[in-house]
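Anchor point for the sequence shown: position 87 equals 285 in my numbering, and the numbering is continuous, going up by one each time.
Don't be surprised by glycine CBs; every beta carbon is placed ideally from N, CA and C.
Here the structure is a predicted model, which is why all the values come from computation and not from measurement.
Below is one structure; the comments refer to it alone.
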Amino acid sequence: MLSFMRRGGTDKLKLSKMNMGGMGPWMMKKIFKAENVPTLDSLIQVALESGVKFIPCQMTMDAFGLKREDLIDGMEDPAGASTAIDVALESQINWFI
Numbered sequence: 199m200l201s202f203m204r205r206g207g208t209d210k211l212k213l214s215k216m217n218m219g220g221m222g223p224w225m226m227k228k229i230f231k232a233e234n235v236p237t238l239d240s241l242i243q244v245a246l247e248s249g250v251k252f253i254p255c256q257m258t259m260d261a262f263g264l265k266r267e268d269l270i271d272g273m274e275d276p277a278g279a280s281t282a283i284d285v286a287l288e289s290q291i292n293w294f295i
């Protein structure tokens with residue numbers, strides 16, 4: 199199931215629930231291209247090159263049956279809640295998504 203969900207990589211991710219009959223994603227992609235907004239893949243690459251650490255949630259991976267090879271390249275080792283809190287306390291910025 200996961201391979202089905204990830205087919206096409208980040209280019210195939212849905213932009214929004216505001217679909218507007220299919221027009222929403224089309225309009226957003228057109229605007230992004232016209233305004234030279236970087237792709238998700240390029241933003242991830244820049245973040246990794248800048249030293250950003252992506253730490254996947256071990257419990258979520260277990261719950262969904264995800265394996266390390268299911269993740270995008272550049273991810274750190276999966277961490278549980280206590281490890282994530284320890285890492286967050288030592289970091290300059292922490293975003294939890």
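Going straight from the alpha carbon of residue i to that of residue j, what length do you get?
i    : j    : result
S248 : I242 : 10 Å
F202 : P254 : Any answer about F202 is weak, because its pLDDT of 49 lies below 50 and its placement is not dependable; what the coordinates show is given next. Taking the straight line joining both Cα atoms gives about 20 Å.
M199 : I229 : In this prediction, M199 scores a pLDDT of 46, lower than 50, which makes its location untrustworthy; the coordinate-derived value is nonetheless stated afterwards. Spanning the two alpha carbons is a distance of roughly 32 Å.
M273 : S289 : 16 Å
A261 : L269 : 15 Å
M257 : G278 : 6 Å
N292 : D271 : 20 Å
Who pairs with residue i in a beta bridge, going by DSSP?
i    : result
F252 : M273
Anyone know if the C-beta pair for residue i and residue j falls short of 8 Å?
i    : j    : result
L246 : T208 : no
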